[in-house]
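K.L.:
Residue numbers (the working numbering), protein chains in the order written: chain A, 1 to 564; chain B, 565 to 762; chain C, 763 to 1107. By construction, the Cβ of each residue, glycine as well, lies at the ideal position given by its N, Cα and C atoms. Got a structure for you, written out below as structure tokens; questions coming shortly.
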Amino acid sequence: MSDYPLPVSQVIDPSTSASERVTFLEKLHGWVVTVDHKRLGILYILYSTFFLLVAGSEAVMIRIQLAYPHNHVLSAQVFNRFFTMHGTTMVFLVGMPFLFGFANYVVPLQIGARDMAFPRLNAFSFWMTAFGGFLLYYSFLGGAGLYGVGNAPDVGWFAYAPLTARSFSPGHATDYWALALIVSGFGTLGTAINIIATIISMRCKGMTLMRMPLFTWLLLIVSMLTLVTITPLTAAQFMLLIDRYLGGHFFDTQAGGSSLIWIHFFWIFGHPEVYVLVLPAFAIANEIIPVFCRKAIFGYPAMVAASVCIMFVSLSVWAHHMFTVGMTSVSNAFFTLSTMLVGVPTGIKIFNWIATLWGGRIRFTTPMLFCIGFLFQFLIAGLTGIMLSVSPWDWQLHNSYFVIAHFHYVLVGAVVFCIFAGIYYWYPKATGRLMSETLGKWHFWLFAIGFHITFDTMHCLGLLGMPRSIYTYQPDRGWNFLNLVVSVGGLIQGIAVLIFAYNFIVSYWRGEVAGDDPWDAWTLEWTTSSPPPVYNFEEEPEVHSRRPLWDLKHPDDPDWEYES
Amino acid sequence: MSSIPVSHPVRNAEWRLPSKRRVGMTALIVGESAIFTIFVVAYVFYMGNNLTGPTPAQVLEVPILGTICLLSSSLTIWRAEKAIEDDRTGSFTVCLGATIALAAVFLTGTALEWKKLIYQDGLTVSTNLFGTTFYSLVGLHATHVVVGLFLLTSIFIFSLFGWVDSRHSERFGVIALYWHFVDTVWIVVFTVVYLIGR
Amino acid sequence: MQTRHAQRLIRRSSASAWLLLTSPMLIAQGTTPSTLAPASTPAHQILDLSVFVVAITGGIFLVVGGLLAVALYRFRARKTDPLGEPAQIYGSTQIELAWTVIPVLIVVVLFLTTARIIFAIQDAQKPKTALDVTGIGHQFWWEFRYPKYGVVTANELHIPVSSDAAPAATFLKLTSADVNHSFWIPQLAGKTDLIANHVNTMWMDPQKPGLYLGQCAQFCGSQHAMMLLSVYVDTPEQFDTWIKNQQQPAQQDPAVVAGRKVFGGQACMNCHTVSGTAATGRFGPDLSHLMSRATLASGAMDNTPANLRQWIKSPDTFKRGALMPAMQLNDEQLDQVTAYLETLK
Chain A
1 MSDYPLPVSQ
11 VIDPSTSASE
21 RVTFLEKLHG
31 WVVTVDHKRL
41 GILYILYSTF
51 FLLVAGSEAV
61 MIRIQLAYPH
71 NHVLSAQVFN
81 RFFTMHGTTM
91 VFLVGMPFLF
101 GFANYVVPLQ
111 IGARDMAFPR
121 LNAFSFWMTA
131 FGGFLLYYSF
141 LGGAGLYGVG
151 NAPDVGWFAY
161 APLTARSFSP
171 GHATDYWALA
181 LIVSGFGTLG
191 TAINIIATII
201 SMRCKGMTLM
211 RMPLFTWLLL
221 IVSMLTLVTI
231 TPLTAAQFML
241 LIDRYLGGHF
251 FDTQAGGSSL
261 IWIHFFWIFG
271 HPEVYVLVLP
281 AFAIANEIIP
291 VFCRKAIFGY
301 PAMVAASVCI
311 MFVSLSVWAH
321 HMFTVGMTSV
331 SNAFFTLSTM
341 LVGVPTGIKI
351 FNWIATLWGG
361 RIRFTTPMLF
371 CIGFLFQFLI
381 AGLTGIMLSV
391 SPWDWQLHNS
401 YFVIAHFHYV
411 LVGAVVFCIF
421 AGIYYWYPKA
431 TGRLMSETLG
441 KWHFWLFAIG
451 FHITFDTMHC
461 LGLLGMPRSI
471 YTYQPDRGWN
481 FLNLVVSVGG
491 LIQGIAVLIF
501 AYNFIVSYWR
511 GEVAGDDPWD
521 AWTLEWTTSS
531 PPPVYNFEEE
541 PEVHSRRPLW
551 DLKHPDDPDW
561 EYES
Chain B
565 MSSIPVSHPV
575 RNAEWRLPSK
585 RRVGMTALIV
595 GESAIFTIFV
605 VAYVFYMGNN
615 LTGPTPAQVL
625 EVPILGTICL
635 LSSSLTIWRA
645 EKAIEDDRTG
655 SFTVCLGATI
665 ALAAVFLTGT
675 ALEWKKLIYQ
685 DGLTVSTNLF
695 GTTFYSLVGL
705 HATHVVVGLF
715 LLTSIFIFSL
725 FGWVDSRHSE
735 RFGVIALYWH
745 FVDTVWIVVF
755 TVVYLIGR
Chain C
763 MQTRHAQRLI
773 RRSSASAWLL
783 LTSPMLIAQG
793 TTPSTLAPAS
803 TPAHQILDLS
813 VFVVAITGGI
823 FLVVGGLLAV
833 ALYRFRARKT
843 DPLGEPAQIY
853 GSTQIELAWT
863 VIPVLIVVVL
873 FLTTARIIFA
883 IQDAQKPKTA
893 LDVTGIGHQF
903 WWEFRYPKYG
913 VVTANELHIP
923 VSSDAAPAAT
933 FLKLTSADVN
943 HSFWIPQLAG
953 KTDLIANHVN
963 TMWMDPQKPG
973 LYLGQCAQFC
983 GSQHAMMLLS
993 VYVDTPEQFD
1003 TWIKNQQQPA
1013 QQDPAVVAGR
1023 KVFGGQACMN
1033 CHTVSGTAAT
1043 GRFGPDLSHL
1053 MSRATLASGA
1063 MDNTPANLRQ
1073 WIKSPDTFKR
1083 GALMPAMQLN
1093 DEQLDQVTAY
1103 LETLK
């Protein structure tokens, strides 16, 4: 807790006036029509948390089905819809909205701005994303309805052509997939444009690009990457709909079309997409780790350079998802090299984090615990990524449970862990109350243990030859026991997430009051009240270093004397 | 955060940041360029791979008039930008009107071309790979022209009422930026479809 | 003396470490399609490369993970810490340069080692003695053709064993009749996709006779999970016998003429081929030597009369989503056609 008196004027909160009593409907209306970045950020987070529970349930069902060979909990058709929806939901309705939600809430506060550059576009983008999600889930009700899960997409989250052609996917399942993602893609594009314009054009006085908090820097990079990441998918999905409805031949192998071009387009989107998901995780870690080891981040310029490097190089690695489609040996070699190279700036970031911890005074609060988990897990994920980049080995590992283990190590072990860290860290700012540390630690340890039981074991299944996307497996292949172990870990993670959900909800009313700066942090958002007033800052702040609040708290030893 | 107790060596010079509108439009243009790139790649990938049906060489006529008109409209909209910056609203209205007229000629040319292709040459989006990729790419571009035309016409009507002056020059500049983007895309599409592809 | 003792200690501890690391693998049984039990040159080369990669990445893990663990332990906040903040270190050009250069060097080493194997496997010269097989993927079964022998079969691939004395590689050309599939027998080679309008090639030279399992490794629709693969690696004599049998036209046993009439009269011949008869359908598997296969429906069930009869009666029993329709035959027709198919050895 910071007890240093901050020269921030008292907050005048108009809504505490006794004469104004707001009805529930008026409150709800306020939330629906809001253009305030803080409210929209919270809406994104609530939306993603809801879909995290939904997609998590889908995962639990998948694991129950696969706990035993020839299990009959889910039929083949239902299973295929579940794993398609699990992947699609987690990427588009959980990952992206969580991260854009954090961006929405935190970025304007960190740069000393009043709101995002285009508040109405902000609201429009949120509702487009939300509507896309609802459209995707409405598919469960179409066709035969909930029993047999209706028309939910069942073509895998990468929807390879020609499986998605009219002849192989009759009905509307694929159309729900394409349309829902096109719609939410427009929302994503809008948010990316908004974040870029906000960060470039609305920084407070003195905040040069090299004085921005790393969270903001990384979100600028992510948003720029998003511009050229989500758009190829939108283009490919338009092509798919033209094929399905206007008789087009983009992916029609009968007319000379190519399945390979879908695969290329999808992964031109798909690979940078995972960087769009993981860079914000880095962004969150960049804020939390320094605060809880009481040191400035080690090597800020290198962190910026490495992130920019990652942005560019990540656009050149996509075909490492395609080592088995029959590219030439030279192409395979090229993509092996580019993929290995993108590991270099990524590794540098890990070294910088360790150097930040080195010599510090580490406080093991819940957000920090999740960041520590992130560090170990991202290290391992990066190393299994290197293994997969070795294309001959990938010829064995591709489409096996090894790959699933690897990308869940990144998406859960790094991204979800950092999302949890970020929620524990900024929840007090947004609500004025701290989440329970005790429940937080239960959440962390159960989740980490469950995570490792599941995903460490899963690597073995891949090495033993078990492919992905299968609703069952033969009992004589030696996979039985390992699958059961993986499933048990999944259930443990589910329990952990329920503890989190409980903590998240109940702390709003019963959490300890947080104050402006419960973590004794150094960036501008901690100079406002918790929650901040609707206008954020009474006067536009003026900064002279990367840690304006450090300068205030340590007038004898300000950062600007040391920053290069 | 209004008072910093210690004297600091660097006084923040006048703090000027790029215009958020220009940045936003530039970002949108980058995203749209990616979409167009994918459609161009598909067009190039499938060039010469048709199993049946009319080929580009057989049915495509180079739309010289339309291209000249569209590219000239970049010039006229630039004149309009300069005019509104100097508060010359009359000149602005005229140049904007010229831009719209030139774009309309372009669109009409496209419409006539498509009419010929569909009814005379029997080329539709489902005929063959050329049909699919041609209509998608050129159609995507034409859609962007239509959107631009809608925006420009609205402003034209506002300016006829005398509601537009130099205070709006930055916003008009952003729309002009979009229009220049549309023209640049046409240069690429024209080169790929009518020059290389034939 | 001390070094030998140390060596023994290291050997024993690395053996037990290896055992610990691979113990989950020991749960695997003899029919496990394990990438760790290669039986063919490409699979061997891949495993050797992977051991090298694990050594390097394992080393990185130990160093970096170790530093992380040490940092967390050494620099944890203690009650005895002095007041105020610790020394703020903003960076160090030398250290940062070092940990940029070293990873790049590691990448160079890894890449060069990998590139060698890529070219060795992908661009291997096809020997003159190689066996050519064409594999065509279907939803949800495998078609195999032996062009030089004029043989067409399904789901169970027979290839000759290769030895130093008598090298016998098999070169496969792979494509698809519908959606994307992937041919994966982990013990014999990495996987290769089957894509319509596109021919991929791969090769294997198994060194031990036996049965090797695999399955389709690219999601291809509802019954992707049951598009299983069996590769029988035969001794030269076994392969010879098998091929000669496959080259014969289908048996025409007069005892089952009733069943043959059912087969010919119903729509069976529209999808299936039985060599030497009027049935020349190509949509479903070639049935000329159905009884030479150990399983039905690409591994979904054992090839027994009861299973065969039930399959024809209702494919959904075993493989719901398979493209074979229920033929709506009555019991008598089912008995007859099953008896007929049972003669197609």
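Counting only beta-carbon separations shorter than 8 Å, does A:R166 have a partner in chain C?
P.N.:
No, no contact with chain C.
K.L.:
Measuring alpha carbon to alpha carbon, tell me which residue in C:Q850, C:T1057, C:A1040 and C:Q1000 is nearest C:A1012.
P.N.:
Out of C:Q850, C:T1057, C:A1040 and C:Q1000, C:A1040 has the C-alpha closest to the C-alpha of C:A1012.
K.L.:
Report yes if the CB atom of C:L1106 is closer than 8 Å to the CB atom of C:L1049, and no otherwise.
P.N.:
Cβ atoms of C:L1106 and C:L1049: closer than 8 Å.
K.L.:
Any chance you could list the alpha helix (DSSP H) runs of at least 4 consecutive residues sitting entirely within the segment 143-217 of chain A, in chain order?
P.N.:
Listed in chain order, they are 173-201.
K.L.:
So if DSSP puts C:W903 in a beta bridge, which residue, or which two residues, is it bridged to?
P.N.:
Answer by DSSP bridge pairing, in chain order: C:H900.
K.L.:
Just checking my contact of C:T1035 with A:P392 at CB under 8 Å: how many whole Å lie between their CB atoms?
P.N.:
Contact doesn't hold; Cβ gap of about 37 Å is too wide.
K.L.:
Within 8 Å (strictly less), CB to CB, does A:T174 reach chain B?
P.N.:
Cβ-Cβ to chain B under 8 Å: no for A:T174.
K.L.:
At what residues does the alpha helix (DSSP H) containing C:F933 begin and finish?
P.N.:
Element bounds for C:F933: not the alpha helix (DSSP H) but the beta strand (DSSP E), T932 to S938.
K.L.:
With 16 other CB atoms within 10 Å as the buried threshold, where does A:F370 fall?
P.N.:
With 16 or more Cβ atoms within 10 Å of its Cβ, A:F370 is classed as buried.
K.L.:
Quick one: what's got a C-beta closer than 7 Å to B:Y699's C-beta in the same chain, skipping five residues either side?
P.N.:
V689.
K.L.:
Find the nearest neighbour of A:G326 within the set C:N1065, C:Q1028, C:G1026 and C:H943, judged by alpha-carbon distance.
P.N.:
Of C:N1065, C:Q1028, C:G1026 and C:H943, the residue nearest in Cα terms is C:H943.
K.L.:
Going by beta carbon distance, what residues of the same chain come within less than 8 Å of B:Y742, once the five residues before and after it are set aside?
P.N.:
Once the five neighbours on either side are set aside, the close Cβ partners of B:Y742 are M589, L592, I593, G712 and L715.
K.L.:
Mind checking the segment 396-428 of chain A against chain C and listing, in chain order, the residues whose C-beta falls within less than 8 Å of any C-beta there?
P.N.:
Within the segment 396-428 of chain A, the qualifying residues are Q396, L397, H398, N399 and S400.
K.L.:
Near C:Q791, what residues of its chain come up, given a Cβ to Cβ distance below 6 Å and the 5 sequence neighbours on each side ignored?
P.N.:
Its pLDDT being 49, under 50, C:Q791 is placed unreliably in this model, and the coordinates cannot settle the point.
K.L.:
Thinking C-beta only, is A:D175 closer than 8 Å to A:R81?
P.N.:
Against a cut-off of 8 Å, the Cβ pair of A:D175 and A:R81 comes out as no contact.
K.L.:
CB-CB under 6 Å to C:V914, same chain, minus the five flanking residues each way: which ones, in chain order?
P.N.:
Excluding positions up to five away in sequence, the list reads R907 and D1048.
K.L.:
In three-state terms, what does DSSP make of B:G673?
P.N.:
Helix.
K.L.:
Assuming A:G347 and C:P865 are in contact, meaning their beta carbons sit under 8 Å apart, how far apart are those beta carbons, in whole angstroms?
P.N.:
That belief holds up - the Cβ atoms of A:G347 and C:P865 are roughly 5 Å apart, short of 8 Å.
K.L.:
For A:E539, which option in A:S507, A:V149, A:L214 and A:L109 has the closest C-alpha, if you only look at C-alpha atoms?
P.N.:
Nearest C-alpha to A:E539: A:L109.
K.L.:
Hey, B:F609 and B:L701 are a contact pair by Cβ (cut 8 Å); roughly how many whole angstroms apart?
P.N.:
In fact, because the Cβ distance is near 12 Å, the residues do not count as touching under 8 Å.
K.L.:
Output, in sequence order along the chain, the residues in the segment 279-298 of chain A whose CB is closer than 8 Å to any CB in chain C.
P.N.:
Answer set for the segment 279-298 of chain A: C293, R294, K295, A296 and F298.
K.L.:
Just checking: is the beta-carbon of C:I789 within a distance shorter than 8 Å of some beta-carbon in chain A?
P.N.:
The predicted model places C:I789 with a pLDDT of 42, which falls under 50 and marks its position as unreliable, so this point remains unresolved.
K.L.:
What number of angstroms, rounded off, separates the C-alpha of C:G899 from the C-alpha of A:G248?
P.N.:
Between C:G899 and A:G248, the C-alpha separation is close to 24 Å.
K.L.:
When you check each C-beta in the segment 591-613 of chain B against every C-beta of chain A, which residues fall closer than 7 Å?
P.N.:
Cβ contacts with chain A come from A591, L592, V594, G595, A598, I599, I602, F603, A606, F609 and N613.
K.L.:
Which residues, in chain order, does the segment 189-202 of chain A contribute to contact with chain B at a C-beta distance below 8 Å?
P.N.:
Those would be L189, A192, I193, N194, I196, A197, T198, I200, S201 and M202, in chain order.
K.L.:
Cβ of C:F981 less than 8 Å from any chain A Cβ?
P.N.:
Yes - at least one Cβ of chain A is within 8 Å of the one on C:F981.
K.L.:
Going by beta carbon distance, what residues of the same chain come within less than 7 Å of B:L759, once the five residues before and after it are set aside?
P.N.:
Once the five neighbours on either side are set aside, B:L759 has no close Cβ partner at all.
K.L.:
What separation, rounded to the nearest whole angstrom, lies between the Cα atoms of A:M224 and A:N194?
P.N.:
Looking at the two C-alpha atoms, the distance is approximately 11 Å.
K.L.:
Counting beta carbon pairs with one atom in the segment 369-389 of chain A and one in the segment 828-839 of chain C, are three or more of them shorter than 8 Å?
P.N.:
Taking 8 Å as the limit for Cβ pairs, the verdict is that the segment 369-389 of chain A does touch the segment 828-839 of chain C.
K.L.:
Kindly indicate the opening and closing residues of the beta strand (DSSP E) around C:A839.
P.N.:
That residue, C:A839, is in no beta strand (DSSP E); it is neither H nor E in DSSP.
K.L.:
Quick check: is the beta carbon of A:F250 nearer than 8 Å to any beta carbon in chain B?
P.N.:
With 8 Å as the cut-off, A:F250 counts as an interface residue toward chain B.
K.L.:
Drop a sphere of 10 angstroms on the beta-carbon of C:F837, count the other beta-carbons inside from all chains shown, and report buried for 16 or more, exposed for fewer.
P.N.:
Its Cβ being crowded by 16 or more others within 10 Å, C:F837 is buried.
K.L.:
Buried or exposed: where does C:L788 fall if 16 or more other Cβ atoms within 10 Å of its Cβ makes it buried?
P.N.:
With a pLDDT of 45 at C:L788, under the threshold of 50, the modelled position of this residue cannot be trusted, and the question is left open.
K.L.:
Please state the DSSP three-state secondary structure of C:D967.
P.N.:
Residue state, collapsed to three classes: coil.
K.L.:
Is any heavy atom of the ligand COA found at a distance shorter than 7 Å from the C-beta of A:L246?
P.N.:
The ligand COA is not part of this structure, which contains no ligands at all.
K.L.:
With the cut-off set at 8 Å, would you say A:G465 and C:T794 are in Cβ contact?
P.N.:
Yes, Cβ-Cβ distance for A:G465 and C:T794 is below 8 Å.
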